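Structure, as structure tokens:
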Amino acid sequence: MGWRDERLGVPAGSPRNEGVDRRDFVKVCTMAAAAVGLPASAGLKMAEAAAAGLKPSVIWLHFQECTGCTESLLRTSHPGLAELILDLVSLDYHETLFAAAGYQIEEALHEAMEANAGKYICVVEGAIPTKDGGIYCKIAGRTAIDILQDVGSKAGAVIAIGSCASWGGIPSADPNPTGAVGAPEILEGIPVITLPGCPANPYNFLGTALQYATFGTLPALDDKNRPLFAYGRTIHEHCPRRAHFDAGRFVRQYGDEGHNLGWCLFAMGCKGPETHANCSVADFGEIPGCWPIGIGHPCFGCTEQGVGFHKPMHQEAALPENAVPPIFPDHRSSSTAAAAGVAGLVGGAVIGAGLMASKKLAEGGGEEGSS
Ligand code: SF4
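Just so you know, we're using this note's numbering here: the sequence shown kicks off at 1 and counts up by one.
Right, here's the structure in full:
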């Protein structure tokens, strides 16, 4: 069943049921393939498989969350993308999008599980409460724990979308009153691909799901089962403000000169150096610059377990080894942003480390002192 199915509340002939042309269809598949590091030809194969009716059956479970991941998948800026996504997968169960409810939707769930046993993709959105036997999230008389163990154990692949499903997210923030955990902790022994983010980038999900559906393979994963194509590097490594970090130009206060000039937000508590995600290179909602750092706010670390929703917003991030260029053998002995910045500034002057640094230096700017 797909987007045009009436269970989704889209009657035939409605404006949202007009379909999309093949060009857009192939374009989205190509972007999804590129997201996971596959060539454009793989995108074409994905489109052909979907057009031939070989859409992956997707059973989408909702637990403790805000439905933000679903919303981000559907509310993109690209016209028709929502329809395209739902043309690419067979969404056989989704509590938020289905018009049906109660016994009808429960029937749809069991039918889909039976018809596609061992093959369907189980997508989990939301954390799972474990305290007091898991009573804080029940659907159709069953706890989230029971439902996930049942649906997850019969799936071909399990994808946890968003930070809540990946490691607990907001519901697990202190004092974690419901004992919220991510899907991997419930499905012990079953591999769960995690796509953390609050919300997760739609293309990270689409690329992963379509690769599995078309080729029966999964992207390379890291030790937290996150696809390396999206979580292999920190935000800091590709941040558009990185040259300012290296040159020691830091925002000290919202609205100050450095903030207006787009300087580095490290001193404001930016968690980019300890947060693995591709936000800095994958436009969110397809709007260039539409992400926290892009609009002048520090990265909150929403994808990273133990950082987002756990560390105070303006607490300085821990600087990993690769956050500062190795200019002097002992330059990492200082943990302050200013010292790191000075090292970067000197290095920038010597090796021409970045465009912004070079520009400022050419202007004779005394960045460190003025920041
Ligand atoms: S600290 Fe934050 S704003 Fe500064 S370069 Fe790193 S990721 Fe970008």
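For glycine and all other residues, C-beta sits at the position ideal for the given N, C-alpha and C.
Fair warning: this is a prediction, and the values are worked out from it, not measured in the lab.
Secondary structure at residue 55: coil, using DSSP grouped into helix, strand and coil. Nearest in C-alpha terms to residue 157, of all of 196, 26, 136 and 116, is 116. Between residue 218 and residue 208, the C-beta spacing is below 9 Å. Pairing residue 61 with residue 181, the inter-Cα distance amounts to about 15 Å. Here the C-alpha atom of residue 270 lies approximately 32 Å from the C-alpha atom of residue 28. With a cutoff of 9 Å on beta-carbon distance, residue 145 and residue 192 are scored as not near each other. Secondary structure at residue 135: coil, using DSSP grouped into helix, strand and coil.
The residue from 74, 129, 317 and 58 with its alpha-carbon nearest to that of residue 203 is 74.
Sequence-distant partners of residue 238 (beyond 5 residues in either direction) whose C-beta falls short of 7 Å from its own C-beta, in its chain, are 280 and 281. For residue 125, the enclosing beta strand (DSSP E) has its first and last residue at 121 to 125. At least 9 Å separates the beta-carbon of residue 198 from that of residue 64. Taking a 10 Å sphere around the C-beta of residue 109, we find 16 or more other C-beta atoms and assign the residue as buried. In the three-state DSSP reduction, residue 264 falls in the strand class (E or B).
A distance of 9 Å or more separates the beta carbons of residue 310 and residue 87. In this structure, the ligand SF4 has no non-hydrogen atom nearer than 8 Å to the beta-carbon of residue 248. DSSP, read as helix, strand or coil, puts residue 166 in helix. In terms of Cβ geometry, residue 190 and residue 134 do not form a close pair [threshold 9 Å]. By the CB criterion at 9 Å, residue 229 and residue 278 fall inside the cutoff. For residue 241 and residue 186, the gap between their C-alpha atoms comes out near 39 Å.
Judged by their CB atoms, residue 213 and residue 274 are not nearer to each other than the 9 Å cut-off. Taking a 10 Å sphere around the C-beta of residue 261, we find fewer than 16 other C-beta atoms and assign the residue as exposed. Within the region 141 to 218, the complete alpha helix (DSSP H) runs of at least 4 residues fall at 144 to 153, 162 to 167, 183 to 186 and 202 to 215. Within its own chain, the residues whose Cβ lies closer than 6 Å to the Cβ of residue 137, once the five positions on either side in sequence are excluded, are 63, 64, 129 and 144, listed in chain order. Put simply, of 56, 148 and 142 the residue whose alpha carbon is nearest the alpha carbon of residue 125 is 148.
Counting only beta-carbon distances shorter than 6 Å to the non-hydrogen atoms of the ligand SF4, the qualifying residues in chain order are 235, 236, 239, 241, 242, 245, 264, 265, 266, 270, 272, 273, 293 and 299.
Judged by beta-carbon spacing, residue 236 lies beyond the 9 Å limit of residue 263, meaning their Cβ atoms are not closer than that value. Here the C-alpha atom of residue 299 lies approximately 37 Å from the C-alpha atom of residue 154.
Non-local beta-carbon contacts of residue 70 in its own chain, meaning distances under 6 Å to residues more than five positions away in sequence, involve 96 in chain order.
A straight line joining the alpha-carbon of residue 289 with that of residue 268 spans about 19 Å.
If you check the CB distance, residue 194 and residue 172 do not come in under 9 Å. Taken in chain order, no unbroken stretch of beta strand (DSSP E) lies wholly in the region 248 to 310 with a span of 3 residues or more. If you look at residue 74, you'll find it in the alpha helix (DSSP H) that goes 68 to 74.
For residue 91, the enclosing beta strand (DSSP E) starts and ends at 90 to 94.
At the C-beta level, residue 113 and residue 161 stay beyond 9 Å of one another. Under the DSSP definition of a beta bridge, residue 128 partners with 181.
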